[in-house]
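Q: Chains A and B, in that order, are what the protein sequence lines are. At position 16 of the first sequence (counting the first as 1) the number is 77 in this note's numbering, and the numbers step up by one without a gap. At position 10 of the second sequence (counting the first as 1) the number is 71 in this note's numbering, and the numbers step up by one without a gap. Heads up, the beta-carbon is just placed ideally off N, CA and C, and yes, glycines get one too. The model shown is predicted, which means the values in this text are computed figures rather than measured ones.
There are 2 protein chains.
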Amino acid sequence: MELLERATAEQYASWFRALADPSRVQLVELLARVGEPMSVGQIVAAIGLAQSTVSQHLKVLTEVRFVLVEPVGNARHYRINANCIACFPSAADIVMGKPAPAAAGGCS
Amino acid sequence: MELLERATAEQYASWFRALADPSRVQLVELLARVGEPMSVGQIVAAIGLAQSTVSQHLKVLTEVRFVLVEPVGNARHYRINANCIACFPSAADIVMGKPAPAAAGGCS
DNA sequence: ATCGTTCATCGCCGATCAACGATGATGTTA
DNA sequence: TAACATCATCGTTGATCGGCGATGAACGAT
Numbered sequence: 062m063e064l065l066e067r068a069t070a071e072q073y074a075s076w077f078r079a080l081a082d083p084s085r086v087q088l089v090e091l092l093a094r095v096g097e098p099m100s101v102g103q104i105v106a107a108i109g110l111a112q113s114t115v116s117q118h119l120k121v122l123t124e125v126r127f128v129l130v131e132p133v134g135n136a137r138h139y140r141i142n143a144n145c146i147a148c149f150p151s152a153a154d155i156v157m158g159k160p161a162p163a164a165a166g167g168c169s
Numbered sequence: 062m063e064l065l066e067r068a069t070a071e072q073y074a075s076w077f078r079a080l081a082d083p084s085r086v087q088l089v090e091l092l093a094r095v096g097e098p099m100s101v102g103q104i105v106a107a108i109g110l111a112q113s114t115v116s117q118h119l120k121v122l123t124e125v126r127f128v129l130v131e132p133v134g135n136a137r138h139y140r141i142n143a144n145c146i147a148c149f150p151s152a153a154d155i156v157m158g159k160p161a162p163a164a165a166g167g168c169s
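So this is what it looks like as structure tokens:
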């Protein structure tokens, strides 16, 4: 009756936690729908939260690599990481015992 | 530049939030691997947390219907809701704009 | 060099969370 | 009825979170 490795469980949990907030869900959906990179200013205008708040959400999403950054001029362009989204462990994956995507932890 | 409906985003977020804790990930994985229903006592023995804590986690998981309950004697048997797990919205689903599973909110 | 723009970070606050022990509710068994 | 077993709920504590305004760092333009 052993358990899923704690470190693995924490990895999964951190991925889920990144999407455990409605604003971040909206943010991800926005970036995915728009398709092309967006600046923070554009995202702020679309989301309707303070700039600092948006920046914080973007930090969370980039840390788990759901979102990628690219500095352009003095701005920063954020875009969806289609790769990581695709390899996101759905609950079904966990349940069915599929191995962690991309060799246990690395999302390109 | 409109957004994903707020209520929809909150629905998704609540699903993700249910798995945003490593102990609950372990719990779900355990129930899924074992396959058959487990009593709270069995789960407590396997997880190694206090009974009240396990009970609380089970409440969270049943509220989003990842887990189902069935009273048996004076015990309660918890088991994976394979249905709901299968229809769990992966990040990819959100991104690709798939409709919410099971007519917007109902998991059997 | 001095603005103005763009964005990250800091500090704060109220709210929520995870964990626990203790208690209560419910049903089984003696 | 009287114990006992099983589990949910309550109340508390310390930690984390989401939001904001303010400040600061980096860069382009004047």
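Using 10 angstroms around the beta-carbon of A:Val-86, count the other beta-carbons present and answer buried if the total reaches 16, otherwise exposed.
A: buried
Q: In the DSSP output, what is B:Pro-132 paired with across the bridge?
A: B:Arg-137
Q: Would a check of beta-carbon distances place B:Gly-158 closer than 8 Å to chain A?
A: B:Gly-158 belongs to the set of residues whose beta carbon lies under 8 Å from a beta carbon in chain A.
Q: Applying the 10 Å Cβ sphere with the 16-neighbour rule, what's the burial state of B:Thr-69?
A: buried
Q: Any Cβ of chain B within less than 8 Å of the Cβ of A:Pro-98?
A: No, no contact with chain B.
Q: Would you kindly work out how many angstroms separate the C-alpha atoms of A:Asn-142 and A:Thr-114, rounded to a whole number?
A: 21 Å
Q: Output the boundary residues of the alpha helix (DSSP H) element that contains B:Gly-102.
A: 101–108
Q: Hey, quick one: how far does the alpha helix (DSSP H) through A:Phe-127 stretch, first residue to last?
A: Where A:Phe-127 is concerned, there is no enclosing alpha helix (DSSP H), given that its DSSP letter is neither H nor E.
Q: Along the chain, where does the alpha helix (DSSP H) containing A:Phe-77 start, and where does it finish?
A: 67–79
Q: B:Arg-97 to B:Ala-136, Cα distance in whole Å?
A: First, the residue type needs correcting, since residue 97 of chain B is Glu and not Arg in the sequence shown. Cα to Cα, the separation comes out at about 15 Å.
Q: Which of the residues in the segment 105–122 of chain B, read from start to end, lie with their CB under 9 Å from any CB of chain A?
A: Ala-106, Ala-107, Ile-108, Gly-109
Q: Using the beta-carbon of each residue, which ones in chain A are nearer than 8 Å to B:Pro-83?
A: Arg-67, Ala-70, Glu-71, Tyr-73, Ala-74
Q: Taking 8 Å as the CB-CB cut-off, is A:Ala-136 touching chain B?
A: no
Q: When the Cα atoms are used, what is the spatial distance from B:Leu-64 to A:Ser-100?
A: Rounded to whole angstroms, the gap between the alpha carbons of B:Leu-64 and A:Ser-100 is 16 Å.
Q: Anything in chain B within Cβ reach of A:Glu-124, meaning under 8 Å, just list it in chain order.
A: What A:Glu-124 touches in chain B: nothing, since even the nearest Cβ is about 14 Å away.
Q: Among B:Tyr-73, B:Phe-149, B:Leu-119, B:Ile-155, which residue has its Cα nearest to the Cα of B:Leu-92?
A: B:Leu-119
Q: State buried or exposed for A:Pro-132, treating a residue as buried only when at least 16 other CB atoms are found within 10 Å of its CB.
A: exposed
Q: Please classify B:Arg-67: is it buried, with 16 or more other beta-carbons within 10 angstroms of its beta-carbon, or exposed?
A: exposed
Q: Anyone know if the C-beta pair for B:Ala-152 and A:Ala-74 falls short of 8 Å?
A: Going by C-beta atoms, B:Ala-152 is not nearer than 8 Å to A:Ala-74.
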